[in-house]
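Structure first, commentary second.
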Amino acid sequence: LNEPRVVSEHGYLSPRGEFPPGLNDPHLFLEAMKNLALAHGLSYEQVKRWDHESLSPLGPSTVGLVAVLQVFEPYEAGNPLDRRAAQAVEYAFNEWGLNAVFRGDYDMDFNQTVEPWEQKPLTVKGCDYLGVNYYSRWKIRHTGGEGHPLSAFQIMPCEGDCSDYGWEIYPQGIRAVTRWAYQRYRRPIYITENGIADASGETRDRYLLSHLEELHKAITQDHVPVRGYFYWTLMDNFEWSDGYQPQFGLYKVEKETRKRLPTKTVATYNRIATTNGLCEKPS
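Note that the sequence shown covers residues 12 to 294 in this note's numbering.
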């Protein structure tokens, strides 16, 4: 599965109703994540059961899950309500689903304590590796009110160095989330998505180089077994509810002719891939 949290969030925890069925209910959000984790676990079990013989020199299939991980921080660091809201969102968006897949823990009452009735052993070994999609840091503000913690927060707009998508450019985060994921779940890591919406093409080089530099620190200083890195994306694509407006591609797609035109980052990425290293420092 790719980004089960995002599918669950946009369908069941979205004031804007971005994905069907367009609901905003924390309990249904957790139920959707639970069902996706169970589906992954059952699929993993069947692949391992039937994939007895290798069809390639690489051996039998490996099965993983791809999660989008972000850095979540309080909008006002000195505000205890913002701190509490940021911690709840981080737990829900980064940790809850991975605990279900890797540990068989389903914290349905969201009290961050797993009772015996919330444990299912099915998916404890349900991943051979973890794919990490990383893009940005989000600042979280508490919006008041009582009730479920996931009913009282707001993701604040980017106020600093931002992409066309309105996401903060925060390269330190890719090191932080890969280190956290490996230390907690002890599986090899693939960076399965990392990129920027940049129609001008003037920021993409800096984004790519700064994130790869931080990822190199995760490998060499934090000893995280990062097995691969995939830039998002090869060419401008259809970004679900945002259509064709965000332009992530190494190759720009002309709106009228659909011609693919290389951005300057194509040459940069080519040098990185062929030399297996960073060719320059981010400016």
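Where a beta carbon is used, it is the ideal one built from N, C-alpha and C, also for glycine.
Check this for me: beta carbons of residue i and residue j, under 8 angstroms apart or not?
{"i": "Pro68", "j": "Asp62", "result": "no"}
{"i": "Ala187", "j": "Val82", "result": "yes"}
{"i": "Ala43", "j": "Gly28", "result": "no"}
{"i": "Lys100", "j": "Ile180", "result": "One detail in the question is off: residue 100 reads as Val in this sequence, not Lys. Taking 8 angstroms as the Cβ cut-off, Val100 and Ile180 do not qualify as a contacting pair."}
{"i": "Val77", "j": "Glu14", "result": "yes"}
{"i": "Phe241", "j": "Thr203", "result": "yes"}
{"i": "Ile185", "j": "Glu225", "result": "yes"}
{"i": "Tyr280", "j": "Tyr201", "result": "no"}
{"i": "Ala111", "j": "Lys59", "result": "no"}
{"i": "Leu49", "j": "Ala192", "result": "no"}
{"i": "Gly137", "j": "Tyr55", "result": "yes"}
{"i": "Gly75", "j": "Gly142", "result": "yes"}
{"i": "Pro182", "j": "His227", "result": "no"}
Start and end of the alpha helix (DSSP H) containing residue i?
{"i": "Gln98", "result": "91–101"}
{"i": "Lys275", "result": "Counting along the chain, Lys275 falls outside any alpha helix (DSSP H), and DSSP gives it neither H nor E."}
{"i": "Lys266", "result": "Here Lys266 belongs to no alpha helix (DSSP H), and DSSP marks it neither H nor E."}
{"i": "Leu41", "result": "37–61"}
{"i": "Thr189", "result": "183–196"}
{"i": "Val18", "result": "15–23"}
{"i": "Arg114", "result": "108–114"}
{"i": "Ile207", "result": "Taken as a continuous stretch (DSSP letters only), Ile207 belongs to no alpha helix (DSSP H), as it is neither H nor E."}
{"i": "Ala163", "result": "Premise fails: Ala163 is in no alpha helix (DSSP H) and is neither H nor E."}
Note down, in chain order, each residue of its chain lying with its Cβ closer than 7 angstroms to the Cβ of residue i, except the 5 sequence neighbours on either side.
{"i": "Thr154", "result": "Ala163, Phe164, Gln165"}
{"i": "Pro37", "result": "Leu24, His159, Leu161, Ser162"}
{"i": "Lys131", "result": "Gly115, Tyr117"}
{"i": "Thr244", "result": "Gly206, Phe259, Gly260"}
{"i": "Arg16", "result": "Met44, Ala78, Val79, Phe104, Gly108"}
{"i": "Asn35", "result": "Leu24, Ser25, Pro26"}
Just to confirm the assignment, what range does the beta strand (DSSP E) spanning residue i have?
{"i": "Trp149", "result": "148–153"}
{"i": "Thr203", "result": "200–204"}
{"i": "Glu84", "result": "82–85"}
Around the C-beta of residue i, are 16 or more other C-beta atoms found within 10 angstroms, so that it is buried, or is it exposed?
{"i": "Pro295", "result": "The shown model of the chain, from 12 to 294, leaves out residue 295, and the question about it has no answer."}
{"i": "Tyr255", "result": "exposed"}
{"i": "Asn105", "result": "buried"}
{"i": "Gln258", "result": "buried"}
{"i": "Ser19", "result": "buried"}
{"i": "Thr189", "result": "buried"}
{"i": "Trp107", "result": "buried"}
Below 8 angstroms CB to CB, which residues in the same chain sit around residue i once its five sequence neighbours on both sides are set aside?
{"i": "Gly212", "result": "Lys263, Thr274, Lys275, Thr276"}
{"i": "Pro32", "result": "Gly22, Tyr23"}
{"i": "Glu84", "result": "Ala97, Arg148, Trp149, Lys150, Ile151"}
Near residue i, what residues of its chain come up, given a Cβ to Cβ distance below 6 angstroms and the 5 sequence neighbours on each side ignored?
{"i": "Gln98", "result": "none"}
{"i": "Phe40", "result": "Ser19, Tyr23, Leu24"}
With a threshold of 7 angstroms (Cβ to nearest heavy atom), would residue i be considered close to the ligand ADP?
{"i": "Tyr181", "result": "No copy of the ligand ADP occurs in the structure displayed, which carries no ligand at all."}
Validate contact between the stretch 267–285 and the stretch 225–237 using beta carbons, cut 8 angstroms, 3 pairs:
no
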